[in-house]
Structures are given as C-alpha cells and as structure tokens.
DNA sequence: TCATTTAGCTGACTTTAGTCAGGTAAATTT
DNA sequence: AAATTTACCTGACTAAAGTCAGCTAAATGA
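Chains as they are written, first to last, in our numbering: chain E, 1 to 294; chain C, 295 to 588.
In structure tokens form, the structure reads like this:
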C-alpha cells in the first residue's frame, strides 16, 4: 500500500519539523544560527578549529569570523594548538560555559516536550534508539575498559537481566562468580571491552584469563536497539586481538541454545567449533572453542 | 545509564545529519533552498499561495518574490483564485513538472540510500513509522470511504492477517462473509471509515446495517505502528456518529478475548456492555452492545 | 636550506534570507 | 455606500551566509 521509499520520506518530513523547531529555539538566544552552532560545537568538547570547520562544513574565512565574533562576545578564547602552532584550539570562557548551558537547557526542553506530547514515550524512545544507533553506527567505538567501571557494570547488569528473562529464572551475577570474574577480566590476566557511542555504552565482552594459554569469553552482550550493527562481531574481534597479545592461543566459551539462539549461529559463522562441556555451570548447554594463534 | 532526554537528543543529532544531507542534495539543482521549497510545495499540490506562506512560514514579500522568480524561470504560473480574486493559486507548468520530478528523484535517492546503507531495513522502517506517525498524529484524518476501495481492502486484509496470526488459524475474509459485509457497510445500510495520513491508510472501521435499528461494528483495526495514538477511539466516534445519522439506536460487536485483549478493555471503557452471544460465528467469544441514542 | 604545504586570518565581495512600510484591488463589515 | 479587512505586490532596506583571492606563520619534505 505504501512503498518503503515513501515510508522513509514520510519519516523525513515528520522529523524535519521537529529538527526545524529545535533550530528555531536556538534563535531565541538572539544569536545567528551559525554562531550558535560553533558555540555548541566548542561546548561539546570540539576544541580543534579544523575539526569544527570539518564537522560544520564551514569555509575557513567564515569560521574565522564566527570565532572572532564569539571572542568579541567574551564567550570563547582561542589559543595556538600546543602541538602544531599553525592550528588553533577554542575553549569556552566561564561566560561561554554559562551561555552554552542555556543552549543545553533549550535542547533539554525540546526533548522533554517531545516526550510529554506523547503517551507511550517508551515506545518512541525505543524507536529513536534503533534509528539513532543505526544512523550513527560509524561513530561507535570499541574501547578497552575496567570491568568494574559504571559503564561496564551497566552492560553486565543488562546482560544478567536479559539472560534471566530469556531463561525465565534468576541469573545472579554474584552467584555467577562476578568478583572473581572481574579480577580475571583485568590485565594482565584478561581484558574487557565496551562498545560506546560517545558516552553511551552499547555492548560489552570480556576475556577471562588465569595466566594459562586458554582464555574464556564472558559477558558478550549488545543493547537490543543496537543489534544488527555488527557490534558483537567487532567486540569479539577486539577481544581476540587482545587475547593474542596477552599470550593466549585458545579461547572457549559457553552459551545456552534456548536462551541465546542467535549467539550459537554467530559463533559457528565466526570460526568457533563446538566442544564438550568444560564446566559444571548449570545454565549453558553448548560449548565452543577457537584457536586464535597458528 | 543514559537519560530519556539524552536518548531523544542523541536521536535528534543523528537525524539532523540525515535531514541536512537531504536539504543539501536539493541545492545540487542550482536553486536556493527557499525557491526549491516553494516549488516542491506547489508540486505536492499546495496551490493556494496563502497556504504555502503558512506552511513554509514565509513573509508575504519574500514569498511574492520567490514566486516571481519561479515564474521567471518558467516553472510555475499564478492565477487569481477563482473564488476570491484577492488570493492567488500557483500551478506547475510542464517545465515545472519536469523540474519537480527531478527533486522527487533526489528525495527518492536519499531514501533509497538510507535503506541500502543498513541491513535489517525492515526494522528501521518499523521504527520510522512509529516516529513519523506519532509526530504527525495531528494530521491524521478520519474519512468515510467505500469498503471496496484499495485503501479499505488493504486495511481489511491487514486485519485478517493479524487476526489469523494471533489466533494461529486461517481467518479467511471471504469465509467471513466479505461480499455481503461490503454491501452492508455501504450507505444507506451502513458505513465505512478510514484513518488516513495524507494518502496512507492507517486504520479502519465499518458499521454493517440491514435497515433495522441495530448495527454491527466490524473490522476495527489500526496499523500496529499507529497504535497508542487514539485512532481506534476516533474511528469509533466517527462510526457511532454516522450510525446515529443512519437511524440506528444500538450497535453491537463481537471480539475474541485471546486474540484481541486490548480491544475488550477499550470497549468497556468506551461505554459498551458485555451481552450474550448473538451469532454462531466460531471465532469470537465476547459480545458487546452499546446504545447510541437516548 | 629552500620550496612546498598546511592552517588560519583578512578584505572585498555576492547571494540568500528576512523585514517593513507603503500601495492596490477585492472582499467583508458596518 | 463607506469603512475596514484581507491577500498580495513592490521598493528599500538589513542581516546572515557563503565565496574567493591574497596574506602570514608554522610545519614538512626534498
């Protein structure tokens, strides 16, 4: 009845209105949009003038003048880049921070209004996540992290909740040997990775080691809204690389075919071979191994 | 880990890039965005100059000049409005239609590219629908329609598919007396309504009558992505109003508590009372009635 | 070391967007 | 019938955005 293309276009039209309203609200601070955009880029931590020019797609002359304007307003300061004195970095003054905070307020207000206008906000938020993460997938980074950091704990807690729900029983991280595990996923024994979009954690994986040549993959998880973007693959690639670097030659893992049917298929495709049970943990019913060095 | 507000803002940032890219692609036709927007508004059937001014939020002077420009390019013609000669209407010339088609191509290309960039396009499209329909909910109209029109058939087929799936059996529209039903849902016996966003059908309801004072509500359905917007309520309101107008005093309906649990709750809240079985159709297991005139 | 490249600044533009005070003709109100 | 309102146009602006050539200073490369 309606083509896929027209569904996309209907979405574009509908969201263009929302985006336009946000930009218009920025005008209410009495500063042209160009200056406001630059101020916000700096406020969001974009110090390098060349980076600002690139992301905002501005001419050197135009950006130069906008920076001069913001400097004249006392909102920013620019300094030569310490490493390369041809380049410049821009930072907010305290007046600039105050002004930036007001733009942040405007953005927050718009977001709050959107949520308030619709009941069933949770459904909207889930849809927004799916799109935001898909659109921004090239900006998602795999970073190494401490398994006890807030972001790591968030991911592992989410993992436990999801496994509990899928297996319809209580999966208790503590019972699953969390403190021991945390230690085993820290260098030099093991390693832990997160998938991040800016400051938002979207997935994790850990390699637990005990000093031997065999490591164990634990806590591979991605946020439901971020699935299908290849994050699990990227997390595993990072983990395998780090495992090699730590001197491991083999990795193994356990999983449950009922609770995580996608997982088993993925492991098989990624070169893992099914092996016999290697622990007496009651949850898993499938066991895999992979040789990571020749 | 991430607040609702920041989820909305992350979505805004991600989609702003997409929207920006679309607008930029419009510039590739060598015409300023202002003119392009006016041309597209006219191409999409917005004839009335006052309407264009209102939807694009343009000053009278500015729009006047943009129209003069497009006229000068030979893309549009303007004529006094036949009903009110102060007003004007704008229509595309054949050159204008060609040019408009090129803009349409650009929009289609952008949409295609978005879909091509992501595997799992169906998941994206579903998310887009949820947001587009929520954002545009004030533009959704309830219109009376012929039950044999394409849009009506689309809705009723979707209804049948969904009921089949929910009840895990074959729900056959033909077996469910479709030809008879169609006749009964046409004036003067009965009536049929659609919920539409522009040309896209989002839901339907029919009142089947036989000339007596009691009508039957049939085929109440809304597109899954459009649920939670109150369309069922609006459709029912329109249907009840029309039933009254047709001289009916009572409406009744049947439903299935397993397949459509939301439905039963909605009817009760909308003033319907459960009654005894009034037909021998095997699917339904709940029956409701409502008095619509005093 | 000297030519070349890179990053950014400045001056001198043009184009696009937006505003505002008149004006005309048609429609509406009084 | 006169006064008022409405819809649009025109001229005369201003402001914002964008372009481009030429410049300096720092870094890089032959």
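C-beta: ideal position from N, C-alpha, C; glycine also.
Of the residues the options, the one placed nearest residue i, counting alpha carbons only
i              : options                           : result
residue 313(C) : 367(C), 408(C) and 519(C)         : 408(C)
residue 241(E) : 197(E), 293(E), 226(E) and 222(E) : 293(E)
residue 82(E)  : 233(E), 265(E), 48(E) and 156(E)  : 48(E)
residue 282(E) : 134(E), 15(E), 56(E) and 169(E)   : 169(E)
residue 196(E) : 133(E), 162(E) and 181(E)         : 133(E)
residue 14(E)  : 318(C), 406(C), 356(C) and 429(C) : 429(C)
residue 74(E)  : 122(E), 94(E) and 120(E)          : 94(E)
residue 184(E) : 56(E), 198(E), 243(E) and 233(E)  : 243(E)
residue 450(C) : 560(C), 349(C) and 514(C)         : 514(C)
residue 344(C) : 476(C), 374(C), 311(C) and 563(C) : 374(C)
Where residue i falls: helix, strand or coil (DSSP)
i              : result
residue 581(C) : strand
residue 119(E) : coil
residue 548(C) : strand
residue 2(E)   : coil
residue 366(C) : helix
residue 269(E) : helix
residue 523(C) : coil
residue 376(C) : coil
residue 189(E) : coil
residue 281(E) : coil
residue 90(E)  : strand
residue 261(E) : helix
residue 301(C) : helix
residue 340(C) : coil
residue 351(C) : coil
residue 65(E)  : helix
Cβ pair residue i, residue j closer than 9 Å
i              : j              : result
residue 203(E) : residue 231(E) : yes
residue 439(C) : residue 446(C) : yes
residue 390(C) : residue 336(C) : yes
residue 505(C) : residue 485(C) : no
residue 129(E) : residue 225(E) : yes
residue 452(C) : residue 529(C) : no
residue 67(E)  : residue 76(E)  : yes
residue 127(E) : residue 421(C) : yes
Rounded straight-line distance, which links the Cα of residue j to that of residue i
i              : j              : result
residue 444(C) : residue 260(E) : 42 Å
residue 131(E) : residue 541(C) : 49 Å
residue 148(E) : residue 305(C) : 28 Å
residue 143(E) : residue 194(E) : 5 Å
residue 60(E)  : residue 90(E)  : 15 Å
residue 33(E)  : residue 26(E)  : 7 Å
residue 461(C) : residue 579(C) : 12 Å
residue 359(C) : residue 333(C) : 13 Å
residue 6(E)   : residue 558(C) : 34 Å
residue 237(E) : residue 296(C) : 26 Å
residue 112(E) : residue 88(E)  : 36 Å
residue 410(C) : residue 435(C) : 32 Å
residue 189(E) : residue 199(E) : 27 Å
residue 180(E) : residue 258(E) : 26 Å
residue 539(C) : residue 456(C) : 31 Å
residue 262(E) : residue 280(E) : 23 Å
residue 266(E) : residue 459(C) : 29 Å
residue 54(E)  : residue 318(C) : 16 Å
residue 351(C) : residue 339(C) : 17 Å
residue 527(C) : residue 17(E)  : 26 Å
residue 84(E)  : residue 182(E) : 41 Å
Nonlocal neighbours in the same chain, by C-beta distance under 8 Å from residue i, ignoring five residues either side
i              : result
residue 323(C) : 330, 393, 396, 397 and 400
residue 154(E) : 201
residue 572(C) : 546, 548 and 581
residue 186(E) : 146, 147 and 192
Sequence-distant residues of its chain with Cβ nearer than 7 Å to residue i (five each side left out)
i              : result
residue 137(E) : 229
residue 511(C) : 499, 501, 533, 545 and 547
residue 118(E) : 124
residue 274(E) : 286, 287 and 288
residue 92(E)  : 42, 43, 75, 76 and 100
residue 276(E) : 287
Residues of its chain near residue i, where Cβ-Cβ distance is below 6 Å and the 5 sequence neighbours each way are ignored
i              : result
residue 508(C) : 544
residue 291(E) : 250
residue 316(C) : 404
residue 258(C) : Because chain C in this structure spans residues 295 to 588, residue 258(C) falls outside the shown range and cannot be described.
residue 302(C) : none
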